[in-house]
Amino acid sequence: MIEALALLLGALCCVAAGAALQWTLSRRRTRDERDLGTPVERATFHTLHTAALAAPPLRAGLTEDTARKAVRRLRSLLGTPALCLTDLDTALTWDGAGDHHRAEAMVLVADVLADGRPRVVGVACTVPGCDLRWAAVAPLEVDGRVLGALAAFGPDESPALLRATGEVARWVAVQLELAELDRSRSRLIEAEIRTLRAQISPHFIFNSLAAIASFVRTDPDRARELLLEFADFTRYSFRRHGDFTSLADELRSIDQYLALVRARFGDRLRVTLRVAPEVLPVALPFLCLQPLVENAVKHGIEGHPDASRIVITADDGGSEAVVVIEDDGVGVEPERLREILAGRGGPSHGIGLSNVDERMRQVYGDDHGLMIETGVGAGMKITVRIPKYHPGVQVTAPPGPAA
Amino acid sequence: MSGSYALVAVAVVSAATVLIGALGLRVSRTTSDFYVASRMVNPRLNGAAISGEYLSAASFLGIAGLVLTQGREVLWYPVGYTAGYLVMLLFVAAPLRRSGAYTLPDFAEARLESRQVRRVASAFALGIGWLYLLPQLQGAGLTLQTVTGAPRWVGGVLVAVVVTANVMAGGMRSITFVQAFQYWLKLTALLVPLIFLLLAWHADGSPTGQVQHPVFQKTTVVQVDQAVRIRVPDPVQVTVDGTLDGQAYEQVPLALTAGVHTVAGHTDLTFPAHAQVPSRVDGAAGSPWGRPPSADHGSHPLYAVYGLILATFLGAMGLPHVVVRFYTSPNGRAARRTTLVVLGLLGVFYLMPPIYGALARVYAPDLALTGNTDAAVLVLPERLLGGTGGALLGALLAGGAFAAFLATSSGLAVSLAGVLHQDVLPSVGIKGFQRATVLAVAAPTVFTLVASDLPVADAVGLAFAVAASSFCPMLVLGIWWRRLTPPGAIAGAVTGGGAALVAAGLTMADWFPVGWPHALLAWPAVWSVPLGFLVMITVSLATPGSVPPRTDATLARLHLPEPTRPTRSPGGVRR
């Protein structure tokens, strides 16, 4: 009897303790919620949070996939039964009830697409259970051009809904504008790479051909060899496809480039290459070392017209390959170098250094920009660290040309 | 004693490792005779490097010791260590190379496009690497103690310091040459003494009868350092200096009856010639690198053999220091050829340790009694040949053993530092990698110093088992099954590898010393590998929505051969 009583008491104590714990926790929770602000503030937070979730898909541009992902979030923001996002030709996505109206969506938004003014449009429907009677339609305007429309459907004609739809449409348009900006930035970098390739041509080609010509009579074998180097080099540099190459290919191209330069300068340019075979398969952005070597050759010849020296090493640094390009030439004032890297170097310095730096940062992150040690008259040492593996970086092999 | 010769050999091997590392590629070239393509690491060199890194002390010393104590059952060890590369050749080598991954976590991320999977893979790579590094450091201590009498911690610290200093000084820049050199050094160190030993054995009349039941060739003094219980097969007249069966003796002749006797530590027993060698009764503190299947406290030999086969066949592909070497191959085809070369080189190497073991059964059976079986390879030249020749050959073997410790440890250190550098430490740059190296080596070194008497005996075998249960399912399914999902990979690796890891911990802590529980924990691969596969497949099938979006493209890249590149313009011939 006493045992049973003790047991009961013990059980009661346990339950009481549990309840007390729960009560404390729930009090803390309500206090936490109070700490999060007034209902109005919380509604604002909620709205901002939803908008933030909808933003990433839209930043990739306006497609069916991105529209579907974004509209799902936006409909909860507007609180309408159905929401539709269109581009100029088709309804990209329909979220919510009344999917049978999707076919006529383009007719409903046609006027808005034409004049870019938001309005409320009536919807005729005979399907039982469907209460979509009105649509608030607002245009997606980017840079003064209408790219599409956002249509929110509801049972009543509501000015508030029209206003809200207009605001959301403007927000979507801003995101699309940012997407456009992203695209134009990557287009700019692509254009710069194209310029880099084009930049190789004039002077280098004239000089190389002149140097080769000087050997045609005296040393025909060497001339032939150099012509082949020239062909290989230009084929690699003018390659049209693929963002990445292997260190072996890039170094081979540098090797060919240097052979042609040495044909022109002879003993005035001494080059040492030291490469650890372990790092040859490393993938890296296409043409990201060669501009640095060109730079070194230019500075070296400027600094020591009689005997300039260039050392290129590629070492195995564990999970990275470390490439160092060093010349004993004129060097650059650090302040001036900063300007060049920021892209304000002016046309005379070309776009080599800043382009390589920017591409390295873009691909591998800010830790992997160029490391440059230089001073006026002290030569220049550029260190490039290339991770052996980075997600998305793959050697894109050239299709074999007729061999 | 061959101590001084051996010390010189160890010093020479260490110095050569550092020198080749530092100078291997210091031969500068000018552009005129520099041609990149011809300098790609070819499969023969890379294969030798992988073999050099793979052949640890367990192979160099351990197998002979096991043959000495257990006989032919342990031949499964060399077979398993080699056959792991056959599995790798068939299923993993080429696709792994084509994935572009440098480490196993890299592969996990490339295939499954998930940071979480990468983190799990990093954790396992670290766990396996450290589990593998422990016995290397402890073994180095034992070897140095055997040949020079130095305290046990010296060898481990020496290896740790040489490896760390070498990596810090940038000496591992030409790691491929260093490791390839280590392979040929190890092969020579075993082959040359073996030829002399076999000649001596032949001159001795090729005694083989005692291989099954070892007898003492001549009057032998057995020095027992640690207490041991022995079973004497026949009554024998011995001289005892020390404590036997609780009684203290001082150079007293004594008739030992047949049966079990207890010998206390620091006791010398002198056996007459042609007496049968007694056997040890308890296996505690037996051979440091792996308890053999059948001697596993006398339980379940068949199960143990299957455990061994599964772990070694499937575990080799999950060893972090082996996989990074494949990155050096220029493409998938070269990776496959490299694996083939490795198979050949390992096959040749593994012919020799069992012969040492068999010779030790004839000429050094007393080692089985004292438990110092790993010294079998090292003492044979002295026993068979004696004199300066024997001492020199013994020194060569000691040098080879040290090469084994150095090669495996530096390979592990570099790959572990890679994992730490990329995924754990937030630092950047070359300095970051060097700091990671210090951490990668320091952790197990401190562990061996603090817990030097912990039985890490099975650590290599258990590292194989953990690798087989975590990375093998991830690699095989990742390469060959397109419905693998990140949640599935995580769940499978954590369940399978985690179970094997727990079993490893319990075995080291010696929780279940006998019976089925011990067998299950000491050889977990039999159940943990299927468990890993099963969980990975089940969870993947249950989460079809999270198949990575670029799976098809990734698999195509893993399996399609790379296009061959033209090396020269049409008609171009390089002279």
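Chains as they are written, first to last, in the working numbering: chain G, 71 to 473; chain W, 1161 to 1735.
Beta carbons are placed, not taken as given, at the ideal position from N, Cα and C, and that holds for glycine.
Just so we're clear, the structure is a prediction, and the values are computed from it rather than from any experiment.
Within 10 angstroms of the Cβ of residue i, are there 16 or more other Cβ atoms? Answer buried if so, exposed if not.
i, result
"L1503/W", "buried"
"F15/G", "Any property of residue 15/G remains undetermined from this structure, which presents chain G solely from 71 to 473."
"V1398/W", "buried"
"V1201/W", "buried"
"P1646/W", "buried"
"G1546/W", "exposed"
"A1602/W", "exposed"
"L118/G", "exposed"
"T108/G", "exposed"
"D226/G", "exposed"
"R1451/W", "At R1451/W, the pLDDT of 43 sits below 50, so the modelled position is not reliable and the matter cannot be decided from this model."
"A1481/W", "Note that residue 1481/W is His in the sequence shown here, rather than Ala. Buried, by the Cβ-count rule."
"L1294/W", "buried"
"F115/G", "exposed"
"H170/G", "exposed"
"P1723/W", "exposed"
"S1282/W", "buried"
"L1256/W", "buried"
"W164/G", "buried"
"L258/G", "exposed"
"L296/G", "buried"
For residue i, which of the options has the nearest alpha-carbon?
i, options, result
"S1630/W", "L1293/W, G1658/W, N1491/W", "G1658/W"
"A1563/W", "M1328/W, T1399/W, Y1214/W, T1430/W", "Y1214/W"
"Q245/G", "T136/G, L153/G, F115/G", "T136/G"
"L1302/W", "W1640/W, L1661/W, T1711/W, T1608/W", "T1608/W"
"D376/G", "G399/G, V363/G, E237/G, I452/G", "G399/G"
"R1710/W", "F1337/W, L1272/W, L1557/W", "L1272/W"
"I371/G", "E390/G, V393/G, V392/G, G336/G", "G336/G"
"D1266/W", "S1575/W, A1175/W, I1469/W, A1360/W", "S1575/W"
"P1684/W", "T1379/W, V1662/W, P1704/W, L1701/W", "V1662/W"
"L1572/W", "Y1463/W, A1176/W, R1485/W", "R1485/W"
"L1718/W", "S1706/W, Q1594/W, N1491/W, T1703/W", "N1491/W"
"V242/G", "E390/G, D385/G, C154/G, I410/G", "C154/G"
"W1687/W", "L1246/W, V1626/W, T1403/W, V1388/W", "V1626/W"
"G186/G", "T196/G, E174/G, D201/G, D213/G", "D213/G"
"V1180/W", "V1392/W, L1246/W, Q1339/W, W1290/W", "Per the sequence shown, the amino acid found at residue 1180/W is Ile instead of Val. Of the candidates V1392/W, L1246/W, Q1339/W, W1290/W, the one whose C-alpha sits nearest the C-alpha of I1180/W is Q1339/W."
Under the DSSP definition of a beta bridge, which residues are partnered with residue i?
i, result
"G166/G", "A152/G"
"V381/G", "T342/G, E396/G"
"Q1383/W", "D1428/W"
"D157/G", "G218/G"
"P1633/W", "P1633/W is not bridged to any residue."
"A205/G", "V191/G, F223/G"
"L210/G", "G218/G"
"Y1409/W", "G1402/W"
"G1560/W", "Answer by DSSP bridge pairing: none, since G1560/W is not bridged."
Taking residue i and residue j to be in contact with their CB atoms under 8 Å, please state how far apart those CB atoms are, rounded to whole angstroms.
i, j, result
"V1239/W", "L1226/W", "V1239/W to L1226/W, Cβ: 13 Å. No contact."
"L128/G", "A140/G", "5 Å"
"A1664/W", "L1691/W", "That belief does not hold up - the Cβ atoms of A1664/W and L1691/W are roughly 15 Å apart, past 8 Å."
"Y1409/W", "V1400/W", "4 Å"
"V216/G", "A205/G", "V216/G to A205/G, Cβ: 17 Å. No contact."
"A346/G", "E299/G", "That belief does not hold up - the Cβ atoms of A346/G and E299/G are roughly 24 Å apart, past 8 Å."
"L178/G", "V193/G", "7 Å"
"V1537/W", "Y1516/W", "5 Å"
"A124/G", "R138/G", "A124/G to R138/G, Cβ: 11 Å. No contact."
"A161/G", "R172/G", "5 Å"
"G387/G", "T444/G", "Not quite, the Cβ-Cβ distance comes to about 22 Å (not below 8 Å), so this is no contact."
"L1557/W", "P1353/W", "6 Å"
"L147/G", "V238/G", "6 Å"
"T383/G", "L354/G", "Not a contact, Cβ separation roughly 15 Å."
State yes or no: is the C-beta of residue i nearer than 8 Å to some heavy atom of the ligand SAM?
i, result
"A318/G", "With respect to small molecules bound, the structure shown includes none, and the ligand SAM cannot be examined in it."
Going along the chain, which unbroken runs of the beta strand (DSSP E) with 3 or more residues stay wholly within the segment 401-470 of chain G?
-> Entirely contained in the segment 401-470 of chain G, the beta strand (DSSP E) runs reaching 3 residues are, in chain order, 441-444, 450-457.
Could you name each continuous alpha helix (DSSP H) segment of 4 residues or more that falls completely within the segment 263-335 of chain G, going from the start of the chain to the end?
-> Listed in chain order, they are 290-307, 317-335.
Inside the segment 1304-1337 of chain W only - alpha helix (DSSP H) runs reaching at least 4 residues | You should have 1312-1328.
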